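Colleague: One structure is given below, represented as structure tokens, and several questions about it will come after.
There are 2 protein chains.
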Amino acid sequence: MTRTIAIIGSGLIGRAWTVVFARAGCTVRLWDAATDVRAGVIAQLVETCRVSGDDPAALARVTVCDTLEAALEGAEWVQENGPERLDIKRDLYARMDAIAAPATILATSSSALIASSFAGELAGRARILVAHPVNPPHVVPVVELCPSPDTDPQVMDRAEALMREVAQVPVRMTREIDGFVLNRLQAVVLAEALSLIEQGIVTPEGLDDTICHGLGRRWTLMGPMATINLNAPGGVADYLERYGPTMARLADSAARGEAFTPEVARLVAATMPDPAQVPALSQDRDRRLAALARHLSDKPGLTDP
Amino acid sequence: MTRTIAIIGSGLIGRAWTVVFARAGCTVRLWDAATDVRAGVIAQLVETCRVSGDDPAALARVTVCDTLEAALEGAEWVQENGPERLDIKRDLYARMDAIAAPATILATSSSALIASSFAGELAGRARILVAHPVNPPHVVPVVELCPSPDTDPQVMDRAEALMREVAQVPVRMTREIDGFVLNRLQAVVLAEALSLIEQGIVTPEGLDDTICHGLGRRWTLMGPMATINLNAPGGVADYLERYGPTMARLADSAARGEAFTPEVARLVAATMPDPAQVPALSQDRDRRLAALARHLSDKPGLTDP
Chain U
2 MTRTIAIIGS GLIGRAWTVV FARAGCTVRL WDAATDVRAG VIAQLVETCR
52 VSGDDPAALA RVTVCDTLEA ALEGAEWVQE NGPERLDIKR DLYARMDAIA
102 APATILATSS SALIASSFAG ELAGRARILV AHPVNPPHVV PVVELCPSPD
152 TDPQVMDRAE ALMREVAQVP VRMTREIDGF VLNRLQAVVL AEALSLIEQG
202 IVTPEGLDDT ICHGLGRRWT LMGPMATINL NAPGGVADYL ERYGPTMARL
252 ADSAARGEAF TPEVARLVAA TMPDPAQVPA LSQDRDRRLA ALARHLSDKP
302 GLTDP
Chain L
2 MTRTIAIIGS GLIGRAWTVV FARAGCTVRL WDAATDVRAG VIAQLVETCR
52 VSGDDPAALA RVTVCDTLEA ALEGAEWVQE NGPERLDIKR DLYARMDAIA
102 APATILATSS SALIASSFAG ELAGRARILV AHPVNPPHVV PVVELCPSPD
152 TDPQVMDRAE ALMREVAQVP VRMTREIDGF VLNRLQAVVL AEALSLIEQG
202 IVTPEGLDDT ICHGLGRRWT LMGPMATINL NAPGGVADYL ERYGPTMARL
252 ADSAARGEAF TPEVARLVAA TMPDPAQVPA LSQDRDRRLA ALARHLSDKP
302 GLTDP
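Top line first, the protein sequences correspond to chains U and L. Take 2 as the starting number for the first sequence in the numbering used here and just add one per residue. Take 2 as the starting number for the second sequence in the numbering used here and just add one per residue.
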């Protein structure tokens, strides 16, 4: 049976999700609150496919709907990509919970809001979760699945299975946590990076080189735990015995929230291309991420050490 | 003129550096304190090249020397890869500083020791620095160049130029700092990662997936600063204004040194392959890192956003 997926909100993330589900063979029903956005979305999806090298023929499975009700009709999964505002999410989830069939799962792409903050009072709160992608999900496979205290574990099981079926990589959290996993890790890196730049130890370019020609290379092939497992003859336990005290000392001396200052923001911004180039650079990034994904998956086993 | 490089210590790092310099056309003079290690090193270098896909013909430029004096003869750069022990480094640098011609630069691969800790008292302290690679440097290009307070800025200029000439990516620090840049960033990631695992929020596998199928993908193509520059319409300044407060809150609630416990080490180790597999897995990692480096450099401009 063909799966039917509803995409709510057709910005960059919503369009990327549309490609993920459509190329996996799902029927996709897309809705955006803005009429003019809906009118242009198919042309934008063709452009998304052109950049990533995905076959636009998959877009034949996409229907643009005129109402939220029409989009949710027959959907087993709703991927919502609305604005990151609590009032909007509360209204939207109340509406969707009233409309959607009982077995429909409602998932938000939100990076900033936990599910309990907008779903805690709803009758259907057991079927609501966060499915947070990395932008954009059609070229970066990870999806963080974060339940609220009310989310049914069977809903989490279904979410995990669906994500694998559409070739994403689900990461399941056991309970709700601010920032989920990915942004918690990104936050500590940004804090220490900004501090090193602000102190003048390294330039923003040097900081970026350290990751993209160094740690990032290893972390693309295996995560931080698998990485340290190969950095001592006796594996991860040996590594943590040898280097744990040094790493603990470095972590203790690292910067935290105070590193996010307007001064360092200006310092870093001064080294970056004009913000007018952000859309073109983002397209280039997506093209390169798609090529990297093909490189990694073209060689079976490469991404699973 | 062909450059002459001395490699001191022929463990994994020393052998990888040998390949870096030899394939770039340098004459390499290699010495190891252990006679039996010296005897087997060419065969090991052939194996290193086999795994990474480097042409072993470059090894014709490598001479294995019987003494430290012979290795340093005529060398403009010494890359030292001895044990990470302060007493050994102090003895070795005193010897090398006495032997080496005045213009020779002495660089250590040390990740744990800052240059002032073993070079501060030597007559030639102005020509001594840290050139810290990511293991192994022949397949991961970044090299951290960290001066002591005594290192001559012209020595740093020469170090940077040489590293670019042999196709590595130098990252220059302006002053000495514990952990340099790379391990400071790795330390904060490990601390928060171990804490999330210990709290049971995510499994070690899930943690690794979050990076290697998520953040790591982006960080291979561009560093953390270039990444956030594309995560808001107005670039990095816009990003830090929108999301800085959230990231600061996450960084403030992140774990630090206390996360490195024996309990979590056991927990992670239990999910990893048997430590006996570390050598085979490391070879596989190096093969994949080499393939990744070829993928990235085969497309000019890809690694320089």
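Even glycine gets a Cβ: it sits at the ideal position worked out from N, Cα and C. Just so you know, these numbers come straight off a predicted model, no measurement behind them.
Given that L:L87 touches chain U, what residues does it touch there, using C-beta distances under 7 angstroms?
Modeller: Going along chain U, no residue has its Cβ under 7 angstroms from L:L87, so there is no contact; the nearest lies around 13 angstroms.
Colleague: Determine, using beta carbons only, whether L:N230 comes closer than 8 angstroms to chain U.
Modeller: It does; some Cβ of chain U falls within 8 angstroms.
Colleague: In chain U, which residues lie with their C-beta within 8 angstroms of the C-beta of L:W220?
Modeller: Result: I212, C213, L216, G217, W220, T221.
Colleague: Kindly say whether U:L60, judged by its beta-carbon, lies nearer than 8 angstroms to any beta-carbon of chain L.
Modeller: No, because no Cβ of chain L sits closer than 8 angstroms to the Cβ of U:L60.
Colleague: How about L:L222 and U:L290: are their beta carbons less than 8 angstroms apart?
Modeller: Yes, the Cβ-Cβ distance between L:L222 and U:L290 is below 8 angstroms.
Colleague: Please confirm whether U:P306 has its beta-carbon closer than 8 angstroms to some beta-carbon of chain L.
Modeller: With a pLDDT of 33 at U:P306, under the threshold of 50, the modelled position of that residue is not reliable, and the figure given next carries that caveat. Closer than 8 angstroms to some Cβ of chain L, the Cβ of U:P306 qualifies, so yes.
Colleague: Is U:T254 close to chain L? Criterion is C-beta to C-beta, closer than 8 angstroms.
Modeller: Contrary to the premise, residue 254 of chain U reads as Ser rather than Thr in this sequence. Yes, U:S254 lies at the interface with chain L (some Cβ there is under 8 angstroms from its Cβ).
Colleague: Taking DSSP's pairing of strands, which residues face U:A59 in a bridge?
Modeller: Paired residue(s): none; U:A59 is not in a bridge.
Colleague: Starting from L:H139, find everything on chain U with Cβ-Cβ shorter than 8 angstroms and list it in chain order.
Modeller: Neighbours of L:H139 on chain U: none; closest Cβ ~12 angstroms, over 8 angstroms.
Colleague: Going by the beta-carbon positions, is the gap between L:A76 and L:A7 smaller than 8 angstroms?
Modeller: The answer is yes: Cβ separation under 8 angstroms.
Colleague: Would you call U:V47 buried or exposed, if buried means 16 or more other Cβ atoms sit within 10 Å of its Cβ?
Modeller: That one is exposed.
Colleague: Do we get a CB-CB distance below 8 angstroms when we pair U:A191 with the residues of chain L?
Modeller: Residue identity differs from the one stated: residue 191 of chain U is Leu in this sequence, not Ala. Yes - at least one Cβ of chain L is within 8 angstroms of the one on U:L191.
Colleague: How close, in whole Å, do the beta carbons of U:P142 and U:V172 come, if the pair is a contact with beta carbons under 8 angstroms?
Modeller: Not quite, the Cβ-Cβ distance comes to about 10 angstroms (not below 8 angstroms), so this is no contact.
Colleague: Scan the stretch 160-181 of chain U for residues whose Cβ lies nearer than 7 angstroms to a Cβ of chain L and list them as they occur along the chain.
Modeller: Against chain L - using a Cβ distance shorter than 7 angstroms - the residues of the stretch 160-181 of chain U are V170, V172, R173, M174, T175, R176, I178, D179, G180.
Colleague: Strictly under 8 angstroms for the Cβ-Cβ distance: is U:P301 near chain L by that measure?
Modeller: Any reading at U:P301 is ruled out, since the residue's pLDDT is 42, under 50, leaving its predicted position unreliable.
Colleague: In chain order, what are the residue ranges of uninterrupted beta strand (DSSP E) at least 3 long that sit wholly in the stretch 99-124 of chain U?
Modeller: For the stretch 99-124 of chain U, whole beta strand (DSSP E) runs of length 3 or above, ordered along the chain, are 106-109.
Colleague: Can at least three beta-carbon pairs, one atom from the stretch 143-153 of chain U and one from the stretch 121-135 of chain U, be found at a separation below 8 angstroms?
Modeller: Verdict: yes, contact present.
Colleague: Which parts of the stretch 162-226 of chain U are runs of the alpha helix (DSSP H), unbroken and 4 residues or longer, counting only runs that do not cross its ends?
Modeller: The stretch 162-226 of chain U contains these whole alpha helix (DSSP H) runs: 183-199, 205-211, 217-222.
Colleague: Does any residue of chain L have a CB that is nearer than 8 angstroms to the CB of U:D308?
Modeller: Summary: the structure shown does not reach residue 308 of chain U, with chain U confined to residues 2 through 306, and so no result is reported for it.
Colleague: Express the C-alpha separation of L:L146 and L:D67 in angstroms, rounding to a whole number.
Modeller: C-alpha separation (whole angstroms): 29 angstroms.
Colleague: Is it the case that the Cβ atoms of U:I198 and L:G224 are separated by a distance below 8 angstroms?
Modeller: Result no, Cβ atoms of U:I198 and L:G224 do not sit closer than 8 angstroms.
Colleague: Once DSSP output is grouped into helix, strand and coil, what is the label at U:L46?
Modeller: Three-state result, U:L46: helix.
Colleague: Report, in whole angstroms, the separation of the C-beta atoms of U:L31 and U:V63, which I expect to be a contact under 8 angstroms.
Modeller: Going by Cβ atoms, the distance from U:L31 to U:V63 rounds to 6 angstroms, so yes, they are a contact pair.
Colleague: Does the stretch 39-56 of chain U touch the stretch 86-95 of chain U, meaning 3 or more C-beta pairs lie closer than 8 angstroms?
Modeller: No, because fewer than three Cβ pairs between the stretch 86-95 of chain U and the stretch 39-56 of chain U fall closer than 8 angstroms, the two stretches do not touch.
Colleague: Decide if L:D92 is buried, meaning its Cβ has at least 16 other Cβ atoms within 10 Å, or exposed.
Modeller: Flag for L:D92 reads exposed.
Colleague: Just reading off the alpha helix (DSSP H) that L:L130 is part of, what are its end residues?
Modeller: That residue, L:L130, is in no alpha helix (DSSP H); its beta strand (DSSP E) goes 129-134.
Colleague: Pairs of beta-carbons, one from the stretch 258-269 of chain L and one from the stretch 203-211 of chain U, closer than 8 angstroms: are there three or more?
Modeller: Verdict: no, contact absent.
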